[in-house]
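Student:
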Amino acid sequence: MKAGAMPPQATSSELNMSQSATAAPTAPAAHMAYRPDIDGLRTLAVLPVVLFHAGFTALSGGFVGVDVFFVISGFLITSIIAADIDKQRFSIVDFYERRIRRIFPALFAMLTVALVFAGLMFIPADFRQFGKSFISSSLFFSNLMFWSEGGYFDFDAELKPLLHTWSLSVEEQFYIFFPPLLYLLKTRVRRWRACIVGLFLASLAAAAWMAYRDHDTAFYVPLYRVWELLTGSIIALAILPPAAATPRRGRELLAAAGIVMILGASLFYTSSVVFPGLSALLPCLGAGLLIYYGRDTAAGRLLGSAPLVGIGKISYSLYLWHWPVIVFYRYWLGRAFTLPEQVLVIGLSFLLAWLSYRYIETPFRLRRAGGPRKVLFAQGAVATMLTVGIGGLIYLANGVPQRMPDNVLRLASSANDINPMRQQCDRRSVPQVQQGDVCSIGPDNVAPSFAVMGDSFGDAFMPGVAALAEERGQRGLVLTASGCLAMLDVVDASSKRVSNCKAFIQASIDLIKHTPSIQRVLLIGRWPSAAEGRRFGAFMADGMFITDDQSTSVGYEENKRVFTRRWEATIAALNPRQVYIAAYIPEQRIHVPRELALCTYFGHPCPAGVSRSDFEQRQAYVRQVFESLERAHKAQILDVGSKLCGKEFCPLYAQHTSLYVDDNHISRSAALMLREVLAPAVAPAAPGAQAAPVHLAEGQAAPAARR
């Protein structure tokens, strides 16, 4: 879930301009007095966002509120700038003084409180990430930082109490270049209106293209959001025909349509909508219609009602505070909210927002606090430097682990219990594989007798396979690539970036074919994700689609067809070598090291692990396919789940350590415990030798009572 943040806008006092000001034909907004309907429009944006973040599923598209706020911001701020330019009194220093008074006090108050709670609650890995966001939020580049965190091991959005600051960063980056640009255009360029419209269209076109190519880039990078702010700017700059030229009935209908468009997007958009991009036009145009036609209409009077105006006035503080409240409370709970808890976090958010508005925002905005300009700028600089320094210390100190008890640190550190060979061996380049420049395990003085192909699951099992190879005196080649299914000619149709997985798998199979000593091939992967097109766990994401050269469509059912038919081709390509498939690897619904550490730290009952029934349901189609392969003597299936799962659940914890490093990848310790399951693929046991027993499924409770 992405947190959509509410950017701060100009206030009523900033827009209550003198009625005696000289009219400017390019900026009718200079005449406008306070418009309560715009405060009401803020409410129409912020409430869906808050409810969406609190977990009210009816507002599945509540995230569109941020887009509405961008339009409002563009309108209000451009109105102020244009009026000052037309009166020949525009000052960039004055502009940024207003921005600092509006943004900094409440923002830094929220950052300070978030720092205290993160320091008290967060395990070291999470606190270290918080340190990064603490710095980037104070310097207004958090959008770019969160963008950079996207990828295979993305840090969970619900653990980022400052995620919502991304939109403040987008807005401030826009207001670095827009005021001087507007000044130059209006004073030096004859066709300045065409330039503004051209920028709008260029940004919209780029956003529409990028939304399909790379969602995260379209979401966080300012270039693809500029058009939303410029929507409001175009209205403020009188580029459109006067609203009064539209008949009254038309104005009423268009204003009402604006409300319907915003509410429709909030109610019916879901995470599966390609957003932002053209889909963002609906809420943005809805906001534009209300700003343009809302004055003196029924829709405007509704938005100007006292309750909506009251919420709108505190909307900046409400958004600043609601997301940290939700994150910290959910972090402490370790689960989704119940209805009473949803009401509680919303109520607490409103209380903090009112206090922030009353005692922080208002005094600074009305110049009763903060002092004169030089003092204000100095205070802002000191606050920023302190924030950067504290965030840097947290990051460099690896999250200050000294805050936590040893037993909590031990459980939390399980997230680092990964394959020590990962960086060296996983995802070698295609040319390296073609040249045979790959890692090997086992004794160097024998020819390789087996190979391991796999994705990140294959990499996770490598410590156990390597130990087996040493114990059995067998040498094997490591051909793993995180994110690449060990299946021939499969294409990741959901990838937003160019992938070389198909070439990597082909090169791996070619290398095996050209190594006559290899007799056995072990394939390890996250097979249910490939077959179902869905993940299963803390980082759930649907739409993981695969295709092959026979595919005529993309979708969940096509995934099953591709998964079934590509096994035939993959096994045939490896013939005559014996193929072993490590299968039925349990996935969990939580980040295991984090949850074990937190339940121990907070004294909560610890989770038991995914239920056996959920595990079997998840593996059902994969089991059907693999049992068919085994009956046809085309592959031997190595059943990991039968060793790891008991009758009721698949455990998280055994032999005093976590079995997982996240919600699905097993730990190095677990790989060593489970290695005998994979023994047939490495080498038959020596005559008379007995395999080490694997007993992880029963009686392996987590450190505290299970829940």
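Numbering (my numbering), first residue to last: 356 to 1062. No residue lacks a Cβ here, since even glycine has one placed at the ideal position from N, Cα and C. Computed from a predicted structure; not experimentally measured.
1. Going straight from the alpha carbon of Tyr686 to that of Leu1007, what length do you get?
2. Taking only the alpha-carbon atoms, compute the straight-line gap between Arg881 and Phe472 and give it to the nearest angstrom.
3. Residue ranges of each alpha helix (DSSP H) run of no fewer than 4 residues wholly in the region 567-644, ordered along the chain?
4. Name the DSSP bridge partner or partners of Ile313?
5. Quick check: the region 698-717 against the region 429-436, are there 3 or more CB pairs under 8 Å?
6. Classify Gln974: buried if its beta carbon has 16 or more other beta carbons within 10 angstroms, exposed otherwise.
7. Quick one: any contact between the region 530-537 and the region 598-606, if contact means 3 or more CB pairs under 8 Å?
8. Please list the terminal residues of the continuous alpha helix (DSSP H) segment that includes Gly665.
9. Would DSSP call Val833 helix, strand or coil?
10. Which class does Ser906 belong to by DSSP, given the choice of helix, strand or coil?
11. Just curious, the alpha helix (DSSP H) that Gly395 is in, first and last residue?
12. What is the residue span of the alpha helix (DSSP H) that Ala952 lies within?
13. List the whole-angstrom C-beta distance separating Leu540 from Trp547, where the pair is believed to meet the contact cut-off of C-beta under 8 Å.
14. Rounded to whole angstroms, what's the CA-CA distance from Gly506 to Thr572? Just pull it up for me.
15. Anyone know if the C-beta pair for Met776 and Ile879 falls short of 9 Å?
16. When the Cα atoms are used, what is the spatial distance from Glu1096 to Gly605?
17. In terms of alpha-carbon separation, which member of Ser872, Gly643 and Pro760 lies closest to Pro931?
18. Apply the 10 Å Cβ neighbour rule to Val401 and answer buried if 16 or more other Cβ atoms are within range, or exposed otherwise.
19. Using the Cα positions of Phe510 and Lys915, report the straight-line distance between them to the nearest angstrom.
20. Using only the alpha-carbon positions, how far apart do Thr907 and Val917 sit?
21. Sorted by chain position, which residues of the same chain lie with C-beta nearer than 6 Å to Phe495's C-beta, five sequence neighbours on each side aside?
22. Bridge partners for Gly746 per DSSP, in chain order?
23. From what residue to what residue does the alpha helix (DSSP H) around Leu537 run?
24. Around the Cβ of Pro638, are there at least 16 other Cβ atoms within 10 angstroms (buried) or fewer (exposed)?
25. Measuring alpha carbon to alpha carbon, tell me which of Gly813, Ser811, Asp810 and Gly791 ends up nearest Pro803.
26. For the beta strand (DSSP E) that Gly420 lies in, which residues bound it at each end?
27. Along the chain, where does the alpha helix (DSSP H) that runs through Gln861 open and close?
28. My output table needs one value for Tyr939: the three-state DSSP class, helix, strand or coil.
29. With H, G and I counted as helix, E and B as strand and the rest as coil, what does DSSP make of Val763?
30. Straight-line CA distance for Asp481 to Thr870?
31. Let me know the secondary structure DSSP gives Ile879 once reduced to three states.
32. For Lys720 versus Arg456, is the C-beta distance shorter than 9 Å?
33. With burial defined as no fewer than 16 other Cβ atoms inside 10 Å of the residue's Cβ, what is the status of Leu751: buried or exposed?
34. Tell me the rounded alpha-carbon separation between Leu741 and Ile551.
35. Would Ile926 and Ala990 qualify as a contact pair, given that the criterion is a beta-carbon distance under 9 Å?
36. When the Cα of Leu556 is compared with those of Ser493, Arg920, Tyr579 and His1020, which residue comes out closest?
Tutor: For this structure:
1. Whole-angstrom Cα-Cα distance: 19 Å.
2. Distance between the alpha carbons of Arg881 and Phe472 is about 36 Å.
3. When DSSP assignments are scanned along the region 567-644, the uninterrupted stretches of alpha helix (DSSP H) that are 4 or more residues long and fall wholly within it turn out to be 570-575, 581-591 and 603-623.
4. Any question about residue 313 goes unanswered here, given that the chain covers just 356 to 1062.
5. Output reads no: the region 429-436 does not touch the region 698-717.
6. When all chains shown are included, Gln974 counts as buried.
7. Because the criterion of three Cβ pairs below 8 Å is not met, the region 530-537 and the region 598-606 do not touch.
8. Taken as a continuous stretch (DSSP letters only), the alpha helix (DSSP H) holding Gly665 covers Ala661 to Lys668.
9. Strand at Val833.
10. It is coil, neither helix nor strand.
11. First-last of the alpha helix (DSSP H) with Gly395: Pro391 to Ala409.
12. In the DSSP assignment, Ala952 falls within the alpha helix (DSSP H) that extends over Val947 to Phe957.
13. Contact between Leu540 and Trp547 holds: CB atoms are separated by about 4 Å, below the 8 Å threshold.
14. Since pLDDT at Gly506 reaches only 40, below the 50 mark, its modelled position is unreliable, and no value is offered.
15. No, Cβ-Cβ distance for Met776 and Ile879 is not below 9 Å.
16. Limits of the chain in this structure are 356 at one end and 1062 at the other, which puts residue 1096 out of reach.
17. Among Ser872, Gly643 and Pro760, the Cα nearest to that of Pro931 is on Ser872.
18. It is buried - the Cβ of Val401 has at least 16 other Cβ atoms within 10 Å.
19. No answer about Phe510 holds up, because its pLDDT of 48 lies below 50 and its placement is not dependable.
20. The straight-line gap from Cα to Cα measures roughly 11 Å.
21. Answer for Phe495: Ser524 and Glu527, listed in chain order.
22. None; Gly746 has no bridge partner.
23. DSSP places Leu537 in the uninterrupted alpha helix (DSSP H) bounded by Trp521 to Arg543.
24. Counting Cβ neighbours within 10 Å, Pro638 comes out buried, since at least 16 surround it.
25. For Pro803, the nearest C-alpha among the options comes from Gly791.
26. Run containing Gly420: none in the beta strand (DSSP E); it sits in the alpha helix (DSSP H), Gly420 to Asp441.
27. Secondary structure note for Gln861: its alpha helix (DSSP H) is the uninterrupted segment Cys856 to Lys868.
28. DSSP, reduced to helix, strand and coil, places Tyr939 outside both helices and strands of the structure shown, so it counts as coil.
29. Three-state result, Val763: helix.
30. C-alpha separation (whole angstroms): 45 Å.
31. Note: Ile879 maps to strand in three-state DSSP.
32. Just to set this straight, residue 720 is Arg in the shown sequence, not Lys. Their beta carbons are under 9 Å apart, which means Arg720 touches Arg456 by this criterion.
33. Exposed.
34. Distance between the alpha carbons of Leu741 and Ile551: 38 Å.
35. In terms of Cβ geometry, Ile926 and Ala990 form a close pair [threshold 9 Å].
36. Nearest C-alpha to Leu556: Tyr579.
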